[in-house]
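Numbering (UniProt numbering), first residue to last: 1 to 632.
Ideal Cβ placement from N, Cα and C applies to all residues, glycine included.
#1: Please identify the residue among 248, 448, 500 whose C-alpha is closest to the C-alpha of residue 511.
#2: If distances are taken between C-alpha atoms only, which option among 620, 343, 507 comes closest to residue 404?
#3: So is the beta-carbon of residue 313 under 7 angstroms away from any non-hydrogen atom of the ligand ATP?
#4: Between the C-alpha atoms of residue 61 and residue 139, what's the straight-line distance to the nearest angstrom?
#5: Would you call the CB atoms of residue 627 and residue 601 closer than 8 angstroms?
#6: Skipping 5 residues on each side, what residues in its chain have a beta carbon closer than 7 angstroms to that of residue 247?
#7: With a threshold of 7 angstroms on Cβ separation, who are the neighbours of residue 497 within its own chain once the five nearest residues in sequence on each side are excluded?
#8: Three or more C-beta pairs closer than 8 angstroms, one from the stretch 328-346 and one from the stretch 395-410: is that the case here?
#9: Any contact of the stretch 150-158 with the stretch 196-206, i.e. 3+ C-beta pairs under 8 angstroms?
#10: Using 8 angstroms as the threshold, is the stretch 330-339 in touch with the stretch 484-500, meaning 3 or more CB pairs across them?
#11: In chain order, what residues of the same chain have a beta carbon less than 8 angstroms from the beta carbon of residue 126, not counting five sequence neighbours either side?
#12: Beta-carbon within less than 7 angstroms of residue 471's beta-carbon, same chain only, minus the 5 sequence neighbours each way: which residues are those?
#13: Here's a check: name, in chain order, each residue in its chain whose Cβ is nearer than 8 angstroms to the Cβ of residue 462, leaving out the five neighbours to either side.
#14: Using CA atoms only, rank isn't needed, just tell me which of 561, 186, 613 is closest to residue 586.
#15: Can you give the Cα-Cα distance for residue 207 and residue 169, rounded to whole angstroms?
#16: I want to know whether the stretch 558-570 touches the stretch 536-548 - three or more CB-CB distances under 8 angstroms.
#17: Output yes or no for whether 8 angstroms exceeds the beta carbon distance between residue 221 and residue 257.
#18: So residue 306 packs on residue 273, CB below 8 angstroms; how close in whole Å?
#19: In the structure shown, what three-state DSSP assignment does residue 567 receive?
#20: Mapping the DSSP letters down to three states, classify residue 599 as helix, strand or coil.
#21: Considering only their Cβ atoms, is the gap separating residue 310 from residue 378 smaller than 8 angstroms?
#22: Between the alpha carbons of residue 90 and residue 116, how many angstroms are there, rounded?
#23: Opposite residue 364 in the DSSP bridges: which residues?
#24: Alpha carbon to alpha carbon, what distance is there between residue 622 and residue 597?
#25: I need the straight-line Cα distance from residue 172 to residue 194, nearest angstrom please.
#26: May I ask which residues mark the beginning and end of the beta strand (DSSP E) holding residue 135?
#27: One question on the structure: do residue 407 and residue 421 come within less than 8 angstroms of each other, judged by their Cβ atoms?
#28: I need the DSSP call for residue 19, collapsed to helix, strand or coil.
#29: Which word fits residue 271, buried or exposed, when buried means at least 16 other C-beta atoms lie within 10 angstroms of its C-beta?
#30: Counting only runs that start and end within the UniProt domain "Phorbol-ester/DAG-type" (271-323), where is the alpha helix (DSSP H) found for 4 or more residues in a row?
#31: With residue 154 as the anchor, note down where its alpha helix (DSSP H) starts and where it stops.
#32: According to DSSP, simplified to helix, strand and coil, what is residue 139?
#33: So the candidates are 318, 301, 282, 213; which of them puts its Cα closest to the Cα of residue 238?
#34: Exposed or buried, which one is residue 151 when buried takes at least 16 other CB atoms within 10 Å?
#35: For residue 432 and residue 440, what's the separation of their Cα atoms in angstroms?
Written out as structure tokens, the structure is:
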């Protein structure tokens, strides 16, 4: 059924499908076809190849009584993929080399145990031997009997000799990959020419890539597939290839097959603006905004048109699953939203979106670390920093925290995050694993406190301020790094990208406050980034040994080395005088009385500056998350 704007194909998809010109994997058959015509549903990001969507074939699938099970029957909860629909297994097979009797397919779903080698039990449409009362999975007998595929094929990309069906293993001289797509060959079934060492997997035999291709999104001229082993540099991504590129002889243009479906316009989590694909980056001596390695400026990639002198990203880096959310934005209007967090009333007065009822006044000189004055965003005390204070109530924001944008991208998530105020009781930050009830950046089930959520690249930390300064970047890898702050290992770290430098910081250490106030000393404590020391050092709070090679807090005369956790405690992200609910209500209290209360769980004096107290009691205190959850 068609109308002026699109096509309705109820057997394929429930929504209106728009004609679409794109080389990509089809949600219809799961194959990357070398064709560009198809149908697309923008609301579901669902793409169907034209030949699949327009197919007029009516398949008589033996395991279903209806004759229209192309993809999914509109009236039945019955699904058949296109391959099985086009190549249905025969109703009766004879595999005398494996079983003495003929096998008949059961045309209804039953529970059975496979009589072949797999011996698995389950539901399905098996082949059955009525004489032996045995049932077999279709794949267990159909594949091995070689009834599904011809023993020999003449292939258009290898016209000199026929390709023979092999069931493995691969010959020793083979590189183990398909000549056309470069994917690893499945040892079970493949086609091979021993004279030419030419191997194809089943996908490229059944659905070979198109020999000639006109894709104006990629190149202005017709492209031709060169089905041979040949080293080349892809003009679309700048990376090397070793086989079967599409080429344009006229322009000396070569491209990987899997680069044909590169998107045109996308968002990546490393940048605040959209980036668009360009055929030539043209920015000399530039580095990739994701991997931080040099880019070949003569090749294609992604660039930001709004950030001179040019923000560029490798094509492969921009389309990584941990960088891009998979959404093509070409033709999608850019959302224009007000992401500024406050309105300027005058040079010293603002109205913040989180506190619209009153104005906030700027105090430039800060105060001397007052535990009772805390920033509602990061929950840390107002300490020697400029801050905004409410003229009518006890609401405070550090000047820096007041400027956090209402929406932003973050390296640890592929969707844009929204800044939310402390509407929830509490949350756990997915970057540093701290508990907090301050402001948070959130999208779906991903949540970051504002300290971790505000980190962006390049990240400069004073602990790595060598000259010239080396900024830190989030570059995911399979290599374990040890954090220079706490000496704990992890994968999600901010690290120096210089080849000779192994400096790395976990998000927890990267966001430790540089200056804090604690009852152990009259003066503010400073964060010390480790030092070489002989002999043993002791923490004045817990009275246990400290490791001077890890970060610690020290006093004015540098005679103390205090564990960072002892100074801050595990509840430093909670606002004093607030309440949180974990089945019951608990009050967040400052541990600043002359006599320190006992923890109900560990039965020791609470040494941390912030603790929890169960409401309605006089002596039920908990000093840490471990003690809190152990007692519950």
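Per the coordinate set shown:
#1: 448
#2: Measuring from the Cα of residue 404, the nearest candidate turns out to be 343.
#3: Annotation note on the ligand ATP: not contained in the displayed structure, which lists no ligands.
#4: In this prediction, residue 61 has a pLDDT of 46, which is less than 50 and means its spatial position is unreliable; nothing more can be read from the coordinates.
#5: yes
#6: 223, 224, 226, 253, 254
#7: 292, 473, 475
#8: yes
#9: yes
#10: Touching, no.
#11: 105, 106, 110, 112, 114, 135, 136, 137, 138
#12: The beta carbon of residue 471 is closer than 7 angstroms to those of 458, 459, 460 in its chain, skipping five residues each way along the sequence.
#13: 514, 529
#14: Taking each of 561, 186, 613 in turn and checking the Cα distance to residue 586, the smallest one comes out for 613.
#15: For residue 207 and residue 169, the distance between alpha carbons rounds to 23 angstroms.
#16: At 8 angstroms Cβ cutoff, the stretches touch.
#17: Contact: no.
#18: 5 angstroms
#19: helix
#20: Residue 599 falls in the strand class under three-state DSSP.
#21: No, they are not a contact pair.
#22: One C-alpha to the other measures close to 18 angstroms.
#23: Answer by DSSP bridge pairing: none, since residue 364 is not bridged.
#24: 9 angstroms
#25: 11 angstroms
#26: 134-136
#27: Cβ atoms of residue 407 and residue 421: not closer than 8 angstroms.
#28: Three-state DSSP puts residue 19 in a strand.
#29: buried
#30: 315-318
#31: Careful: residue 154 lies outside any alpha helix (DSSP H), inside the beta strand (DSSP E) at 152-155.
#32: Of the three classes helix, strand and coil, the one that applies to residue 139 here is helix, per DSSP.
#33: 301
#34: The residue in question, residue 151, is exposed, as its Cβ has fewer than 16 Cβ neighbours within 10 Å.
#35: 13 angstroms
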